[in-house]
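Chemist: Chains as they are written, first to last, in the working numbering: chain A, 285 to 384; chain B, 167 to 249; chain C, 3 to 674.
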């Protein structure tokens with residue numbers, strides 16, 4: 285059977301891909317997609333640990349986390365819509381008014 | 167632009183290395199074997215039971231969070247002017 | 003059964019005035035006469051409860067009121083009303099009540115009435131809670147509260163620079179004593195911890211009965227200070243006494259008391275009679291078993307008390323300010339009380355009796371003297387005796403009551419009978435005890451101090467009476483008798499000053515001697531005195547007749563001197579009482595204490611050292627601060643470029659940081 289570490293490795297890989305996407309992309313929509321990827325790699329971890337310890341708590345938590353991800357995505361996209369309406373762009377590297 | 171991508175690549179690589187080394191270097195305290203028959207692993211029913219018994223309070227709270235975020239998202243996306 | 007019901011209300015004694023403080027402070031402006039009715043009602047209720055409990059105790063002195071509640075760890079808060087506390091409670095609430103009633107009229111023109119009545123209510127509440135504390139820590143907390151209130155009230159007219167300065171002086175001077183008191187408590191606590199073996203549930207370590215039960219062990223602990231073997235108990239008691247010296251205005255910390263005159267006269271009456279200066283005497287009386295078991299402590303108390311009595315008396319005879327004479331008189335009388343307690347080295351528990359007896363009597367006639375002085379100031383508008391004179395015709399009630407108070411202060415009465423003013427019985431008891439002490443230990447200094455001070459007392463108080471009330475007016479003033487709301491408290495106090503001592507003389511002493519033998523504490527003073535190396539003798543009664551009459555003789559002599567000089571004006575004072583006479587100058591300048599304490603010590607030494615240190619530190623600190631400033635600006639100029647404002651950069655930084663942190667932790671764990 286497949287050891288637990290392999291699931292964790294896969295999850296780490298997914299997370300890193302998401303991370304790389306967050307760091308390189310400029311479009312806000314893409315960044316949110318990458319963040320979803322990172323979030324789901326965490327869900328993968330939850331389910332993996334849950335299976336390998338023979339308890340179901342982790343899987344229930346994964347359900348909750350998916351629901352929260354939906355909420356987060358909804359709010360995130362709404363924010364981007366508001367930003368787009370104000371600035372006519374959603375390129376995050378140009379939205380740098382927080383700068384020095 | 168290229169240096170940025172390269173830098174991002176190395177940062178991601180560093181993180182992957184750390185986590186993978188951590189994951190493989192740890193001896194996890196887990197059950198040694200998964201159930202042999204995959205049919206037994208159908209645990210949707212068990213999860214449903216858990217959600218509606220032990221985790222019923224977080225579940226209800228979560229529904230409120232979803233509702234709140236829904237209202238917030240609609241309010242923000244709708245904007246001031248367009249009715 | 004009635005008594006148990008009363009005990010349930012004991013906690014109200016300090017609580018009601020404290021509530022009155024809150025109500026008057028916040029809502030006094032909307033009430034008639036500054037909300038004075040609230041504190042008056044509250045203190046009247048406290049007085050009724052105190053008096054009822056006192057009467058209950060009189061019938062059955064064994065059953066004291068004692069309620070303790072756990073605070074935290076081994077500390078508790080609680081109520082203890084034994085004979086000592088009971089008489090104090092009744093006196094404090096009674097005198098305070100009369101002063102409050104009087105103040106309604108006295109303060110009627112002052113815009114700050116609500117603040118005044120709120121603060122005096124808090125003052126009374128603090129003193130009442132001090133008196134009924136059943137542990138030393140609660141006593142200390144109330145003690146500090148009393149100090150705070152005295153600061154607020156002395157500086158009541160804070161627009162006046164002299165009042166603000168006097169308030170500050172009072173606060174800082176008593177603070178020296180407070181620090182000593184606190185140090186004593188800390189040493190006591192750590193010693194008790196060691197003796198009791200750390201924290202134990204169910205015992206209240208700092209409660210008086212617990213402290214007293216450890217006296218023999220405390221006495222056995224020795225410390226080495228400058229090569230002298232000193233018992234811990236002596237150190238603790240002397241530190242406690244240091245606190246009492248500050249609060250009760252004993253030499254050398256008495257300097258704040260005369261300046262405390264800057265507040266309203268009613269405040270002076272409160273401070274001098276009821277609420278503040280008696281706290282020090284009360285503390286020593288409360289911890290008397292510790293004092294008597296500590297070698298040398300009572301000697302220090304006796305000598306310092308006797309010296310203060312004489313020292314303050316000498317200054318009292320040259321002051322021209324009405325209230326200042328009374329202030330020095332208070333210091334002198336407090337010296338008597340301390341002397342009385344110190345004589346416990348010979349007469350044992352009786353010392354507490356005579357000392358507190360004098361305290362109570364003194365409260366009556368000193369409150370009376372101050373209220374009379376207030377009545378004069380209210381009517382005439384000056385308090386300089388050189389400008390007064392002939393007031394007896396204008397203000398007959400004030401003059402009569404003040405004369406009674408003066409007689410009581412000087413201690414007029416016929417020895418061997420129960421005819422006499424209050425002051426006579428208590429002061430004579432102290433002087434006789436001093437004689438007994440001298441006879442027993444062949445040490446006559448306390449007796450000489452007390453007799454000389456009695457002579458001075460008589461001189462200065464009758465000088466005040468003659469200068470104020472007899473002769474012709476020495477300046478143009480329009481006096482009038484004060485309204486009834488002021489003269490009625492005066493009359494009540496006068497009655498008490500006249501007869502209280504004679505009526506309660508024997509019963510009072512016997513009652514107070516029950517303080518340390520009841521259901522709460524039961525200590526054997528005799529054996530404790532043995533620990534302290536103090537030999538007790540049997541009670542008085544066989545002194546020569548001359549000794550019994552001596553106080554009266556000196557009092558009459560003092561009256562005669564004052565009469566000759568200030569009434570008949572037979573001796574021209576111009577030559578003696580001038581600034582050219584070095585003795586007069588020394589006394590008038592109050593032994594140059596102001597110069598020594600303030601200008602030489604405070605300004606010269608402390609201020610000089612501080613100023614020098616400040617200059618040196620200025621240079622060092624300045625360069626450090628400026629260096630840091632320049633460095634910070636330079637570094638942050640560069641560092642702010644890190645803040646790109648781009649979210650991805652921040653995310654990358656977080657991830658790199660976390661990764662490096664994990665690697666670092668791993669490396670450290672490998673190395674270890």
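Even for Gly, the Cβ is constructed at its ideal location relative to N, Cα and C.
Please read all numbers here as calculations on a predicted model, not as lab measurements.
Taking just the CA atoms, how far does residue 645 (chain C) sit from residue 304 (chain A)?
Modeler: Answer to the nearest angstrom: the Cα atoms are 20 Å apart.
Chemist: Against chain A, with Cβ distances strictly below 7 Å, would residue 637 (chain C) count as a contact?
Modeler: False, the Cβ-Cβ gap to chain A never drops below 7 Å.
Chemist: Give every residue of the same chain whose Cβ lies closer than 7 Å to the Cβ of residue 406 (chain C), excluding the five residues on either side of it in the sequence, and list them in chain order.
Modeler: Within the same chain, residue 406 (chain C) has close Cβ partners 496, 499, 500.
Chemist: Given 8 Å as the limit, is there contact between the stretch 242 to 250 of chain C and the stretch 273 to 281 of chain C, that is, 3 or more CB pairs closer than that?
Modeler: Judged by Cβ distances under 8 Å, the stretch 242 to 250 of chain C makes contact with the stretch 273 to 281 of chain C, as three or more pairs qualify.
Chemist: Cutting at 8 Å between CB atoms, please list the residues of its own chain near residue 386 (chain C), excluding the five before and the five after it.
Modeler: Cβ within range, chain order: 322, 323, 324.
Chemist: Compare the C-alpha of residue 486 (chain C) against each of C:246, C:20, C:377 and name the closest.
Modeler: Nearest of C:246, C:20, C:377 to residue 486 (chain C), Cα basis: C:377.
Chemist: Assuming residue 556 (chain C) contacts residue 453 (chain C) (C-beta within less than 8 Å), just tell me the rounded distance between them.
Modeler: About 6 Å separates the two Cβ atoms, so the contact holds.
Chemist: Taking buried to mean at least 16 other C-beta atoms within 10 Å of its own C-beta, is residue 617 (chain C) buried or exposed?
Modeler: Exposed, because fewer than 16 other Cβ atoms sit within 10 Å of the Cβ of residue 617 (chain C).
Chemist: Report all residues from its chain with a CB closer than 6 Å to the CB of residue 493 (chain C); omit the five preceding and five following residues, and keep chain order.
Modeler: Cβ within range, chain order: n/a, list empty.
Chemist: Could you say which of C:225, C:567, C:340 lies nearest to residue 284 (chain C) if we only look at CA atoms?
Modeler: Minimum Cα distance to residue 284 (chain C) is reached at C:340.
Chemist: Under a three-way DSSP split, which group does residue 484 (chain C) fall into?
Modeler: The answer is coil: DSSP assigns residue 484 (chain C) none of H, G, I, E or B.
Chemist: Between residue 49 (chain C) and residue 91 (chain C), what straight-line distance do the alpha-carbon atoms span, to the nearest angstrom?
Modeler: C-alpha separation (whole angstroms): 8 Å.
Chemist: Taking only the alpha-carbon atoms, compute the straight-line gap between residue 522 (chain C) and residue 66 (chain C) and give it to the nearest angstrom.
Modeler: Spanning the two alpha carbons is a distance of roughly 7 Å.
Chemist: Answer yes or no: does any C-beta atom of chain C fall closer than 7 Å to that of residue 380 (chain A)?
Modeler: Taking Cβ atoms only, chain C reaches closer than 7 Å to residue 380 (chain A), which makes this a yes.
Chemist: May I have a chain-ordered list of the beta strand (DSSP E) segments no shorter than 3 residues that lie completely inside the stretch 68 to 110 of chain C?
Modeler: Counting whole runs of 3 or more residues, the stretch 68 to 110 of chain C contains the beta strand (DSSP E) stretches 77 to 83.
Chemist: Does DSSP put residue 230 (chain C) in a helix, a strand or coil?
Modeler: Reduced to three states, the DSSP call for residue 230 (chain C) is strand.
Chemist: Does the pairing of the stretch 436 to 453 of chain C with the stretch 391 to 405 of chain C give three or more beta-carbon distances under 8 Å?
Modeler: Not touching, per the Cβ criterion.
Chemist: Mapping the DSSP letters down to three states, classify residue 223 (chain B) as helix, strand or coil.
Modeler: Residue state, collapsed to three classes: helix.
Chemist: Note down, in chain order, all residues in the stretch 657 to 669 of chain C with a beta-carbon under 8 Å from any beta-carbon belonging to chain A.
Modeler: Residues passing the 8 Å Cβ filter: 657.
Chemist: Which of the three DSSP states is assigned to residue 251 (chain C) in this structure?
Modeler: Reduced to three states, the DSSP call for residue 251 (chain C) is coil.
Chemist: Between the stretch 293 to 313 of chain A and chain C, which residues of the former have CB atoms less than 7 Å from a CB of the latter, in chain order?
Modeler: So the close ones are 303, 306, 307.
Chemist: Considering only residues of the same chain and omitting the five flanking positions on each side of residue 346 (chain A), which have a CB-CB separation below 7 Å?
Modeler: Excluding sequence neighbours, residue 346 (chain A) sits near 327, 330, 331.
Chemist: CA-CA distance, residue 322 (chain A) and residue 223 (chain B)?
Modeler: Cα to Cα, residue 322 (chain A) sits roughly 27 Å from residue 223 (chain B).
Chemist: Strictly by DSSP, which residues pair up with residue 135 (chain C)?
Modeler: C:81, per the DSSP bridge assignment.
Chemist: By how many angstroms is the C-alpha of residue 349 (chain C) removed from the C-alpha of residue 190 (chain C)?
Modeler: Using only the alpha carbons, I get a separation of about 26 Å.
Chemist: In chain order, what are the residue ranges of uninterrupted beta strand (DSSP E) at least 3 long that sit wholly in the stretch 140 to 207 of chain C?
Modeler: Segments of the beta strand (DSSP E) lying fully in the stretch 140 to 207 of chain C: there are none.
Chemist: Using the rule of at least 16 other Cβ atoms within 10 Å of the residue's Cβ for burial, across every protein chain shown, is residue 513 (chain C) buried or exposed?
Modeler: Burial call: buried.
Chemist: Measure the C-alpha to C-alpha separation of residue 482 (chain C) and residue 210 (chain C) and round it to an integer number of angstroms.
Modeler: For residue 482 (chain C) and residue 210 (chain C), the distance between alpha carbons rounds to 51 Å.
Chemist: Answer with buried or exposed for residue 3 (chain C), where buried requires no fewer than 16 other C-beta atoms within 10 angstroms of its C-beta.
Modeler: Bear in mind that a pLDDT of 38 at residue 3 (chain C), under 50, signals an unreliable position, so the number given afterwards is only what the model happens to contain. When all chains shown are included, residue 3 (chain C) counts as exposed.
Chemist: Where does residue 507 (chain C) fall in DSSP's three states?
Modeler: DSSP places residue 507 (chain C) in helix when its eight states are reduced to three.
Chemist: Mind listing which residues of the stretch 613 to 641 of chain C have their C-beta closer than 8 Å to chain A's C-betas, in chain order?
Modeler: Cβ contacts with chain A: none found.
Chemist: So which residues of chain B does residue 316 (chain A) contact, with C-beta pairs closer than 8 Å?
Modeler: In chain order: nothing, as chain B lies at least about 13 Å away.
Chemist: For residue 128 (chain C), which residues from the same chain have a beta carbon less than 7 Å from its beta carbon, with the 5 sequence-adjacent residues on both sides left out?
Modeler: Closer than 7 Å at Cβ, skipping near neighbours: 144, 147, 148, 151.
Chemist: Give a yes or no on whether the minimum CB-CB distance between residue 653 (chain C) and chain B is below 7 Å.
Modeler: Not one chain B Cβ lies under 7 Å of residue 653 (chain C).
Chemist: Can you name the residues that DSSP bridges to residue 415 (chain C)?
Modeler: For residue 415 (chain C), which the question treats as bridged, DSSP gives the partners C:422.
Chemist: Would you say residue 11 (chain C) and residue 124 (chain C) are within 7 Å of each other, going by their C-beta atoms?
Modeler: In this structure, residue 124 (chain C) does not lie closer than 7 Å to residue 11 (chain C) by Cβ.
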